[in-house]
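J.: Numbering (my numbering), first residue to last: 667 to 1263.
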């Protein structure tokens, strides 16, 4: 085949090759395991039906408020798309960085006689699709429910689908530009200090702008519309005409309400910006890709220009020389000198050498991958925002019903954060062994023992995080010591169960060809892990809430109800966690698991 002569021909060639590969993988999956294909279709259909029903009930409930329903729905849509736009931007930055600079396929394509513009355009498009599929998966049932409630014509649905596709292109272009900037200048002191300053300013502005406003009794006697508008004053930022989310929301609402000219105007604004930014990114940023890739692969660490980091690295090299039989500052090496803090902690814990080796390997691989710990920082940043705003709920807890409701909702929120952690970081741990997994299988400890080590390491690590989060949130909500201890015990059981689900499904549905955790999680196994985790969390929280020892009314509940609910919760947790983990141990003991397909 002749080499493509233009960027467009190269892009079409890459799109055709990847499309054929995806189609063949889909056909191979359906032919090899019809049960897997059927389960996938059933999960997608069940999710769409359940999500549509919940959104439909919620929108109908809000619309029943006379004179206020349409206003509240309008503000909710503006807020939803604004938050989703921020999350899409962060996701595109992380995925674009990994897809362009931490991907073997990108390095391979750079060596082919394909124009760099074609490679860059295809990788940006691939990253945008990978980052946006969950957004489309979430928004589709909401838009369908909104259309049913508003009784829109049939052409609303294809129009909304086109708008969502155009909207997804804007965070993709900004994500690619940010990834190029980070790759080029991450090791510069000015860039690092400037980034920290900008983040601190944004956090301060957000904390000041999202501060709640108290309403007095005199103000409540005014018109209801004015009071609601004042209570929702913090939502005005999501209605800024400079935000693409505002264009999307205004166009969708305009089409749903019959204002076709307004909808068409905002739709054209969205299309113009999407096409312009996409063309700008693919034309001008592609030229910076080789230099950015060279900078990423040419530097040892982004902290190399700091004096304290150079002294630390020099001290570490001296320690390595001491362990090899050399000297440290002209003195004989001391045999008791530890290699590093991690090795010292693992030795102090009394772990066996093979266990320490696997834990140290996984920890170092996690730390060396910028996309891994970068997503961890973003996730904990969102978690910090949740904790900061949780204190506003404690002012409204003036009855037993609201105390129980908020406390169990907080338990569900903590569990959902844990499910996000386990699905994103625990599930791909086995697949990240890649083509070298057969080496672990031939080791004396065996592959099954390695899976056990990964499970217990992930469980104890996340247990420390979730227990701390539960205690902190319980203290902010002013729960008593007995309730905090109760929720800590429930969180501990759910931690081991969710880690068992993620570890087990990670072994049952491995992807040993892929090196990017984001792509591993985006497959069938990762989706199944996330869905099963959410189903388990909902079932567990409902069971615990129905048998709450403190009750939902003034009269105390019967002790047998609380004991029965806790027993049912433990049985559900054991079944949900033990079954996939047991199947994973059986699968790991078979020789065929090391085959790369």
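Ideal Cβ positions, reconstructed from N, Cα and C, are used throughout, including at glycine. Remember, predicted model here, so these are calculated numbers, not experimental data.
Would DSSP call residue 919 helix, strand or coil?
T.: Helix.
J.: Can you look up residue 1028 in the DSSP assignment and give me helix, strand or coil?
T.: Three-state result, residue 1028: helix.
J.: Evaluate residue 1074 with the Cβ neighbour count: other Cβ atoms within 10 Å of its Cβ, from every protein chain shown; 16 or more gives buried, anything less gives exposed.
T.: With 16 or more Cβ atoms within 10 Å of its Cβ, residue 1074 is classed as buried.
J.: Can you tell me whether residue 1250 is buried or exposed? The criterion is at least 16 other CB atoms within 10 Å of its CB, across all chains shown.
T.: Label assigned to residue 1250: buried.
J.: Cα-Cα, which of 918, 1096, 1088 is closest to residue 1278?
T.: Outside the displayed range of the chain (667 to 1263) lies residue 1278, so it cannot be described from this structure.
J.: Using the three-state DSSP reduction, which class does residue 1146 fall into: helix, strand or coil?
T.: Looking at residue 1146 - three-state DSSP - the assignment turns out to be coil, as it is neither helix nor strand.
J.: Take every Cβ of the region 796–810, pair it with every Cβ of the region 773–788, and state whether three or more of those distances are shorter than 8 Å.
T.: No, because fewer than three Cβ pairs between the region 796–810 and the region 773–788 fall closer than 8 Å, the two stretches do not touch.
J.: Please determine, among 739, 1103, 957, 1067, the residue with the shortest C-alpha to C-alpha distance to residue 1256.
T.: Of 739, 1103, 957, 1067, the residue nearest in Cα terms is 1103.
J.: Buried or exposed for residue 759, going by 16 or more other Cβ atoms inside 10 Å?
T.: Residue 759 comes out buried.
J.: What's the C-alpha gap between residue 1164 and residue 1205?
T.: Answer to the nearest angstrom: the Cα atoms are 13 Å apart.
J.: Apply the 10 Å Cβ neighbour rule to residue 767 and answer buried if 16 or more other Cβ atoms are within range, or exposed otherwise.
T.: Under this definition residue 767 is a buried residue.
J.: Consult DSSP for residue 969 and reduce its assignment to one of helix, strand or coil.
T.: Reduced to three states, the DSSP call for residue 969 is coil.
J.: Specify the secondary structure class of residue 1173 as computed by DSSP and reduced to three states.
T.: Three-state result, residue 1173: helix.
J.: Check whether the Cβ atoms of residue 1167 and residue 1246 lie closer than 8 Å to each other.
T.: Cβ distance < 8 Å, so residue 1167 and residue 1246 count as in contact.
J.: On a Cα-Cα basis, can you pick out the residue from 1091, 858, 1210 that is closest to residue 1236?
T.: Measuring from the Cα of residue 1236, the nearest candidate turns out to be 1210.
J.: Suppose contacts are defined by Cβ-Cβ distances below 8 Å. Is residue 1139 in contact with residue 1053 by that definition?
T.: Cβ distance < 8 Å, so residue 1139 and residue 1053 count as in contact.
J.: How many Å lie between residue 1123 and residue 956 at the Cα?
T.: Each residue's Cα considered, the two are about 39 Å apart.
J.: How long is the line joining the alpha carbons of residue 836 and residue 939, rounded to whole angstroms?
T.: So the alpha carbons of these two residues sit roughly 7 Å apart.
J.: Given this structure, state the Cα-to-Cα distance separating residue 999 from residue 972, to the nearest angstrom.
T.: Confidence is the limiting factor: at residue 999 the pLDDT is only 45, short of 50, which leaves the residue's position unreliable, though a coordinate-based value still follows. The alpha-carbon atoms of residue 999 and residue 972 are separated by roughly 28 Å.
J.: Hey, how far is the Cα of residue 1112 from the Cα of residue 842?
T.: Residue 1112 and residue 842: Cα-Cα distance of roughly 42 Å.
J.: Out of 932, 745, 1179, which one is the CA nearest neighbour of residue 904?
T.: Per the Cα distances, 745.
J.: Do you know offhand how far residue 847's Cα is from residue 1031's?
T.: For residue 847 and residue 1031, the distance between alpha carbons rounds to 24 Å.
J.: Under 8 Å between the Cβ atoms of residue 1195 and residue 1132?
T.: Against a cut-off of 8 Å, the Cβ pair of residue 1132 and residue 1195 comes out as no contact.
J.: Would you kindly work out how many angstroms separate the C-alpha atoms of residue 976 and residue 964, rounded to a whole number?
T.: Distance between the alpha carbons of residue 976 and residue 964: 17 Å.
J.: Are residue 833 and residue 926 touching if we call contact CB-CB under 8 Å?
T.: Not closer than 8 Å, so no.
J.: If you draw a straight line from the C-alpha of residue 915 to the C-alpha of residue 753, how long is it?
T.: Cα to Cα, residue 915 sits roughly 16 Å from residue 753.
J.: On a Cα-Cα basis, can you pick out the residue from 1020, 749, 923, 1213 that is closest to residue 909?
T.: Of the candidates 1020, 749, 923, 1213, the one whose C-alpha sits nearest the C-alpha of residue 909 is 749.
J.: Look up residue 641 in the DSSP assignment and say whether it is helix, strand or coil.
T.: Here the chain has residues from 667 to 1263 only, and residue 641 is not among them.
J.: DSSP three-state label for residue 1214, please.
T.: Residue state, collapsed to three classes: coil.
J.: Please classify residue 681: does DSSP put it in a helix, a strand, or coil?
T.: In the structure shown, residue 681 sits in a helix (DSSP, three-state: H, G or I).
J.: Could you say if the region 781–797 and the region 669–689 meet the contact criterion of at least three C-beta pairs nearer than 8 Å?
T.: The answer is yes - the region 669–689 touches the region 781–797, with three or more Cβ pairs under 8 Å.
J.: Verify whether the separation of the beta carbon atoms of residue 728 and residue 710 is less than 8 Å.
T.: Cβ distance not < 8 Å, so residue 728 and residue 710 don't count as in contact.
J.: On the criterion of 16 or more Cβ atoms from any shown chain inside 10 Å, does residue 1067 qualify as buried, or is it exposed?
T.: Under this definition residue 1067 is an exposed residue.
J.: Could you give the C-beta distance for residue 1254 and residue 1201, rounded to a whole number, given that I count them as a contact under 8 Å?
T.: At roughly 25 Å, the Cβ-Cβ gap does not stay under 8 Å, so residue 1254 and residue 1201 are not in contact.
J.: Under 8 Å by Cβ, that's how I've got residue 784 and residue 673 pegged, so tell me the actual separation to the nearest angstrom.
T.: Rounded, the Cβ-Cβ distance is 5 Å, consistent with contact.
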